[in-house]
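Notes for the one structure printed next.
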Amino acid sequence: NIQRLALERYGYEVSANEVISKASNGSDEVAVRIMQEIGTYIGQLIASLYAIFFPDKVVLTGGTATAGDGLLRACRSRFEELSGDFMRRVHQASPDQFQLLEIEIGTMKEDTGVVGSVAELLQSKSK
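Read in this note's numbering, the sequence shown has 536 at position 94, and its numbers run on one by one without any break.
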């Protein structure tokens, strides 16, 4: 939780949005480190899910994804540490079925929740 980490590191309450904003523009080293830690947790989650779903791509979206390159680098690094060799072996064994995973930041960022909700609404109306 971004707010819990912020409270631990700053010693007072800071909103998740403020931490993300400070990390995205690099104006606060504490915020950057918090978002790097969040990135490692996301990378660990992706590594856990990779062995089940074998996705070709994971796109990070939402407000957290706007935190900057530190989040993405930490996420990729943790995934590589935990699952990189496994991913490459699976790909080598069946290159036509399994691609090397790409982890990237989505272009919609904060708008994904709204777009997803509208898509769900439109799908339910068309049934």
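Backbone N, C-alpha and C define an ideal beta-carbon position, used for all residues, glycine too. The structure presented is a predicted model; accordingly, all values stated were derived computationally and were not measured.
- About 6 Å separates the beta carbon of residue 476 from that of residue 451, a gap short enough to meet the 8 Å contact definition.
- DSSP places residue 450 in the uninterrupted alpha helix (DSSP H) bounded by 444 to 452.
- Counting C-beta atoms within 10 angstroms of its own C-beta, residue 494 has fewer than 16 neighbours from the protein chains shown and is therefore classed as exposed.
- Here the C-alpha atom of residue 527 lies approximately 11 Å from the C-alpha atom of residue 542.
- Secondary structure at residue 501: strand, using DSSP grouped into helix, strand and coil.
- Secondary structure at residue 455: coil, using DSSP grouped into helix, strand and coil.
- According to the DSSP secondary-structure assignment, residue 562 is paired through a beta bridge with no residue.
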